[in-house]
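So the structure is just underneath, and the comments pick up after that.
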Amino acid sequence: MTTDHPDFEGTPVGRRLVLGMLGLGAGGLVAAPYVQRGIESFLGAASDKDPTGLTGLLPNGGGFRYYSVATSVPRKNEQNYRLTVDGLVERPATYTLDALRALPQNRVVRDVQCVTGWRVPETPFSGVSLSLLLDAAGVRPEAKAIRFTCFDGAYSESLTLQQARRDDVLVCLQMQDEPVSHSHGGPVRLYVAPMYFYKSAKWLSGITVTSEVRPGYWEERGYDVDAWVGGSNGRSDTPTV
Ligand SMILES: Nc1nc2c(c(=O)[nH]1)N[C@H]1C(S)=C(S)[C@@H](COP(=O)(O)O)O[C@H]1N2
Ligand SMILES: [Mo]
Numbered sequence: 028m029t030t031d032h033p034d035f036e037g038t039p040v041g042r043r044l045v046l047g048m049l050g051l052g053a054g055g056l057v058a059a060p061y062v063q064r065g066i067e068s069f070l071g072a073a074s075d076k077d078p079t080g081l082t083g084l085l086p087n088g089g090g091f092r093y094y095s096v097a098t099s100v101p102r103k104n105e106q107n108y109r110l111t112v113d114g115l116v117e118r119p120a121t122y123t124l125d126a127l128r129a130l131p132q133n134r135v136v137r138d139v140q141c142v143t144g145w146r147v148p149e150t151p152f153s154g155v156s157l158s159l160l161l162d163a164a165g166v167r168p169e170a171k172a173i174r175f176t177c178f179d180g181a182y183s184e185s186l187t188l189q190q191a192r193r194d195d196v197l198v199c200l201q202m203q204d205e206p207v208s209h210s211h212g213g214p215v216r217l218y219v220a221p222m223y224f225y226k227s228a229k230w231l232s233g234i235t236v237t238s239e240v241r242p243g244y245w246e247e248r249g250y251d252v253d254a255w256v257g258g259s260n261g262r263s264d265t266p267t268v
C-alpha cells in the first residue's frame, strides 16, 4: 500500500499517518470518506462522522493540521502559478504571483477554526482582498456567487457574492507572516476569516463568478454552505466574529 505524500514538505507523512492511526486504535478514529485509497482499504469501512479529520491526525507544529483531499498536489511557483478570474465578469483576468504581490495587501489576524474541533488562535493571514480582484474584473449585475477551484484538481469552494466582498476574505499569499507553504496551500490559498477553515481553499487557481452558489467539495458531502464559525456549522445568517 502506498500512502506517502511525497509532494508535501519535509518527509513523507503517509507512514507516520498510518502508524499514528494504529496508535489511536479504532475507538479513537473517525475516518474520512475521501482518504487516500490505500488507507481506506487498510482501514476497511470508514465512518464519515469526521470527513476532514484523517490527515489531521498528523503531528505537526503550531497546532495546524494539514489537509488535502488529493493524494498528490503539484508544486507551483513564481514561474508556473496562475490565478484566473472569470465567469460573469466584464474583464476576465489571469494573475501571476508577482502580479498578486504588486497589489495592495491586507493582513487579518483571527482564530483559525476547523469544523472538526481544532483551533489555532490569532493567526495572521495576508494577501489581496478578494473584493479588489472582483472589482478589477467587473462583476456583472446578474452575478450572485463565487466558485473557487484549486490546482490539486479536486477541491472547490463557494461563497455568496455578499460574503465574498467582506474585507476579511483574502486571496492569501502569507500565513503566519511567511509565504504560504505548499502544505498549507501555497503559493496562494483563500482565507475566509469568519468561517470554518474548510472554506479557505488551498492551492487556489480559479475564481469564477456565477449566477448561483454551487456547493463546494465538502458541501457536496454534507457540510453547510454557510459556514460561519459559531453558527452551528452555518445555520445562522450572520457571522459571530
Ligand atoms: N484544496 C484544498 N483546500 C482545503 C482542504 C483540502 O483538502 N484541499 N481542506 C480544508 C479544510 S477541511 C481545512 S480545516 C483547511 C486546512 O488547512 P491547513 O491544511 O493549512 O491546516 O483547508 C481547507 N482547504
Ligand atoms: Mo477542516
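Once you know that position 167 of the sequence shown is 194 in this note's numbering, the rest is easy, because the numbers rise by one and skip nothing.
Backbone N, C-alpha and C define an ideal beta-carbon position, used for all residues, glycine too.
Item	Value
Start and end of the alpha helix (DSSP H) containing SER10?	Absent from the model: residue 10. The displayed extent of the chain is 28 to 268, so no value can be given.
With distance defined between alpha-carbon atoms, name the residue in THR237, MET222, TYR218 and ASP251 nearest to ALA228.	TYR218
Between LEU130 and VAL155, what straight-line distance do the alpha-carbon atoms span, to the nearest angstrom?	7 Å
Please list, in chain order, all residues of the same chain as GLY165 whose beta carbon is under 8 Å from its beta carbon, the five residues on each side excluded.	VAL116, GLU117 and ARG118
State buried or exposed for ASN104, treating a residue as buried only when at least 16 other CB atoms are found within 10 Å of its CB.	exposed
Please report how far the alpha carbon of GLU247 lies from the alpha carbon of ALA181, in whole angstroms.	12 Å
Between the Cα of ASP179 and those of PRO101, GLY90 and ASP113, spot the shortest distance and give me the residue it belongs to.	PRO101
Can you give me the Cβ contacts of LEU160 inside the same chain, cut-off strictly under 7 Å, excluding the 5 residues immediately before and after it?	VAL112, VAL198 and ILE234
Count the other CB atoms within 10 Å of the CB of GLY212; is the residue buried (16 or more) or exposed (fewer)?	buried
Taking Cβ to Cβ, would you say ASP195 is nearer than 8 Å to ALA220?	yes
Have a look at the DSSP bridge pairing and note the partners of PRO101.	Bridge partners of PRO101: none, in fact.
Within the continuous beta strand (DSSP E) that includes ALA129, where are the two ends?	Counting along the chain, ALA129 falls outside any beta strand (DSSP E), and DSSP gives it neither H nor E.
Go ahead and label SER238 buried or exposed: buried means 16 or more other beta carbons lie within 10 angstroms of its beta carbon, across all protein chains shown.	exposed
Can you find the residues in the same chain that come closer than 6 Å, C-beta to C-beta, to PRO148, ignoring five residues on each side of it along the sequence?	ASP138
Along the chain, where does the alpha helix (DSSP H) containing LEU188 start, and where does it finish?	188-191
Under 8 Å, do SER232 and THR187 count as touching if we go by C-beta distance?	no
Among TYR108, TYR93 and ASN133, which residue has its Cα nearest to the Cα of THR121?	TYR108
What is the residue span of the beta strand (DSSP E) that VAL112 lies within?	110-114
For VAL207 and LEU124, what's the separation of their Cα atoms in angstroms?	12 Å
Would you call ALA191 buried or exposed, if buried means 16 or more other Cβ atoms sit within 10 Å of its Cβ?	buried
Answer yes or no: do ARG128 and SER185 have a C-beta to C-beta separation smaller than 8 Å?	no
In three-state DSSP terms, what is TYR225?	helix
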